[in-house]
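Peer 1: Let me give you the structure first, and then I'll get to my questions.
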Amino acid sequence: MQQPAHPENCVAEDEIQHQLVAGLLATHAYTSPKYLYDVLGSRLFAAICELPEYYPTRTEAAIFKKHASQIAAAVGRDAILIDLGAGNCSKAARLFPALQPRQYVPIDISVQFLQESVNALRQQFPQIEMTCLGMDFSAELELPSSVAEQRRQFFYPGSSIGNFSPLEALMFLRRIRKAMHGGDSHSGLLIGVDLIKDHAILNAAYDDSLGVTAAFNLNLLHHVNRLLDADFRPSDWRHRGFYNADQHRIEMHLEARDDVIVHWQNGGIRRFARGERIHTESSYKYTEQGFIELLHQAGFGQVQTWRDPRKWFMVCHAQAA
Ligand code: AVJ
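For what it's worth, the numbering used here labels the leading residue of the sequence shown as 484, then goes sequentially.
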């Protein structure tokens, strides 16, 4: 097991607190979507993926399953499969039989959690070398020498790219492209992208009838309470999740049900008027052509795409060259 490749990039606790407070004090208050994922938040997200309204996870899985051999042909044999935000590694593991990578490199903030997931996989796939990396890949993509520079195939499923604005996404894709040294045609990126579709379907996916997404959003307040020693009460807030067609994005907000005063450490305080919101997440949606264009702007060469029959979700493979 490897320690964080770049300890200097591990954001210190006071830096996290500083960033959070800056967002809470902004005219239009906001928090980073990463605060949605404490232990309970991660379990609530897993529950979201089981909801009838939340189509992305199962639609992507169906695309991977149906087009496995074509996708494997695009990725090529003997790849170094670098999994960005691997979590429990299950999405990549389902592709192992088709892709047969030489090495699997899961990356996530929590290397401990990765290690546990990978231990089980090592038994199942003894021929694949597995190298866990604990790092914040959104800040830095410098990989250690234990990851060969040739045949790097990055894997970024789940439409996680949607959490970046299009400009941030472009910069992130450029960083991935630069981590393919030499830009050989055997390096590439396999990525899942959620597509623009009927607004009612998008709205339902982020405001489900059981209220699981609401619980997921409201749970962020518990997480912030722990991080900042704050006194948010979830019952003071209401979940809002809707598609903003002008910006091509889902927005999640927490909206004050009444006038609310929130306190946190070192005398921090903010008054929210009834109806005022905290923006907790954006999830950008793309057209097929729009995303391919972004990949080309980021310096990628040939792009192959696969979609489900309803054209709700897209899997792309982009070659370095
Ligand atoms: C994990 C970022 C892909 O944007 O669909 C699900 C997160 N938020 N429901 C998404 C999420 C609300 C999800 N991503």
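Beta carbons are placed, not taken as given, at the ideal position from N, Cα and C, and that holds for glycine.
Please confirm whether any heavy atom of the ligand AVJ lies closer than 7 angstroms to the CB of residue 696.
Peer 2: The residue you call residue 696 lines up with position 213 of the sequence shown. Answer for residue 696: yes, Cβ within range of the ligand AVJ.
Peer 1: Counting C-beta neighbours from all protein chains within 10 Å, is the total for residue 746 16 or more, i.e. buried, or is it exposed?
Peer 2: By 1-based counting over the sequence shown, the position of residue 746 is 263. Flag for residue 746 reads exposed.
Peer 1: Just to check, is the beta-carbon of residue 579 closer than 7 angstroms to a non-hydrogen atom of the ligand AVJ?
Peer 2: By one-based count along the sequence shown, residue 579 stands at place 96. Checking every heavy atom of the ligand AVJ against the Cβ of residue 579, none is found closer than 7 angstroms.
Peer 1: Since I believe residue 671 is in contact with residue 803 (beta carbons under 8 angstroms), could you give me their beta-carbon distance rounded to a whole number of angstroms?
Peer 2: On the sequence shown, position 320 is the one that residue 803 refers to. On the sequence shown, position 188 is the one that residue 671 refers to. At roughly 6 angstroms, the Cβ-Cβ gap stays under 8 angstroms, so residue 803 and residue 671 are in contact.
Peer 1: For residue 493 and residue 514, what's the separation of their Cα atoms in angstroms?
Peer 2: On the sequence shown, position 10 is the one that residue 493 refers to. On the sequence shown, position 31 is the one that residue 514 refers to. In this predicted model, residue 493 has a pLDDT of only 48, less than 50, meaning its place in the structure is not dependable; the value taken from the coordinates is given anyway. Roughly 19 angstroms separates the two Cα atoms.
Peer 1: Measure the beta-carbon distance from residue 499 to residue 789 and round it to whole angstroms, keeping in mind my assumption that it falls under 8 angstroms.
Peer 2: Looking up residue 499 in the sequence shown gives position 16. Looking up residue 789 in the sequence shown gives position 306. Actually they are not in contact, since the Cβ atoms of residue 499 and residue 789 sit about 38 angstroms apart, beyond 8 angstroms.
Peer 1: For residue 722 and residue 700, which I take to be in contact (beta-carbon distance under 8 angstroms), what is that distance rounded to the nearest angstrom?
Peer 2: For this step, residue 722 is matched to residue 239 along the sequence shown. For this step, residue 700 is matched to residue 217 along the sequence shown. Between residue 700 and residue 722 the Cβ distance is about 5 angstroms, and since that is below 8 angstroms, they are a contact.
Peer 1: Who does residue 739 pair with in a DSSP beta bridge?
Peer 2: Indexing the sequence shown from 1 puts residue 739 at position 256. Answer by DSSP bridge pairing, in chain order: 720.
Peer 1: Which residue marks the beginning of the beta strand (DSSP E) containing residue 764, and which one marks its end?
Peer 2: What you label residue 764 is simply residue 281 of the sequence shown in a count that begins at 1. Where residue 764 is concerned, the enclosing beta strand (DSSP E) stretches over 760 to 767.
Peer 1: Given this structure, state the Cα-to-Cα distance separating residue 584 from residue 503, to the nearest angstrom.
Peer 2: In the sequence shown, the residue the question calls residue 584 occupies position 101. In the sequence shown, the residue the question calls residue 503 occupies position 20. Taking the straight line from one Cα to the other gives about 39 angstroms.
Peer 1: Residue 588 by DSSP, collapsed to three states: which one?
Peer 2: Sequence index remark: in the sequence shown, residue 588 carries index 105 (1-based). Three-state result, residue 588: strand.
Peer 1: Name the DSSP bridge partner or partners of residue 788?
Peer 2: Position 305 of the sequence shown, counted from the start, is the residue given in the question as residue 788. Per DSSP, 799.
Peer 1: Please confirm whether residue 589 and residue 601 have their CB atoms less than 8 angstroms apart.
Peer 2: For the purposes of this step, residue 589 is taken as residue 106 along the sequence shown, with counting starting at 1. For the purposes of this step, residue 601 is taken as residue 118 along the sequence shown, with counting starting at 1. Yes, Cβ-Cβ distance for residue 589 and residue 601 is below 8 angstroms.
Peer 1: Just list the residues that DSSP pairs residue 782 with in beta bridges.
Peer 2: What you label residue 782 is simply residue 299 of the sequence shown in a count that begins at 1. In the DSSP output, where bridge partners are listed per residue, residue 782 has none listed.
Peer 1: So, for residue 536: in the same chain, excluding its five sequence neighbours on each side, which residues have a beta-carbon less than 6 angstroms away from its beta-carbon?
Peer 2: Taking the sequence shown and counting its residues from 1, the one referred to as residue 536 is at position 53. Contacts found: 687, 688, 691.
Peer 1: At 4 residues or longer, what runs of the alpha helix (DSSP H) sit wholly inside the region 581 to 637?
Peer 2: 594 to 607
Peer 1: Check the C-beta distance from residue 565 over to residue 655 and give it rounded, since I have them as a contact under 8 angstroms.
Peer 2: The residue given as residue 565 occupies position 82 in the sequence shown. The residue given as residue 655 occupies position 172 in the sequence shown. Incorrect: roughly 14 angstroms between the Cβ atoms, too far for contact.
Peer 1: Could you give the DSSP three-state label for residue 674: helix, strand or coil?
Peer 2: Counting from 1 along the sequence shown, the entry for residue 674 is found at position 191. Residue 674 falls in the strand class under three-state DSSP.
Peer 1: Which whole runs of the alpha helix (DSSP H) in the region 639 to 718 are 4 residues long or more, in chain order?
Peer 2: 649 to 661, 682 to 688, 695 to 711
Peer 1: Going by other Cβ atoms of all chains shown within 10 Å of its Cβ, with 16 needed for buried, is residue 484 buried or exposed?
Peer 2: Reading the sequence shown from its first residue, position 1 is the one you call residue 484. Per-residue confidence for residue 484 stands at a pLDDT of 39, beneath the threshold of 50, marking its modelled position as unreliable; the derived number appears in the next sentence. When all chains shown are included, residue 484 counts as exposed.
Peer 1: Assign residue 766 to buried or exposed, taking buried as 16 or more other Cβ atoms, counted over all protein chains shown, within 10 Å of its Cβ.
Peer 2: Position 283 of the sequence shown holds residue 766. That one is buried.
Peer 1: Does DSSP put residue 746 in a helix, a strand or coil?
Peer 2: Mapped onto the sequence shown, residue 746 falls at position 263. Three-state result, residue 746: strand.
Peer 1: Which same chain residues, not among the five before or five after residue 552, have their C-beta less than 7 angstroms away from its C-beta?
Peer 2: One-based indexing of the sequence shown puts residue 552 at position 69. The answer, listed in chain order, is 581.
Peer 1: Can you check whether the CB of residue 591 is closer than 8 angstroms to the CB of residue 559?
Peer 2: In the sequence shown, residue 559 corresponds to position 76, counting from 1. In the sequence shown, residue 591 corresponds to position 108, counting from 1. In this structure, residue 591 does not lie closer than 8 angstroms to residue 559 by Cβ.
Peer 1: Which value, in whole angstroms, describes the spacing of the CA atoms of residue 517 and residue 733?
Peer 2: Locating residue 517 in the sequence shown gives position 34, counting from the first residue. Locating residue 733 in the sequence shown gives position 250, counting from the first residue. Taking the straight line joining both Cα atoms gives about 16 angstroms.
Peer 1: Tell me, please, whether the region 536 to 547 touches the region 607 to 623 by the rule of three or more beta-carbon pairs shorter than 8 angstroms.
Peer 2: no
Peer 1: Expressed to the nearest angstrom, what Euclidean distance is found between the alpha-carbon atoms of residue 646 and residue 577?
Peer 2: Within the sequence shown, residue 646 is the residue found at index 163, counting from 1. Within the sequence shown, residue 577 is the residue found at index 94, counting from 1. Straight-line Cα distance between these residues: approximately 24 angstroms.
Peer 1: Could you check whether residue 653 and residue 769 sit closer than 8 angstroms to each other, using their CB atoms as the reference points?
Peer 2: In the sequence shown, counting from the first residue as 1, residue 769 sits at position 286. In the sequence shown, counting from the first residue as 1, residue 653 sits at position 170. Taking 8 angstroms as the Cβ cut-off, residue 769 and residue 653 do not qualify as a contacting pair.
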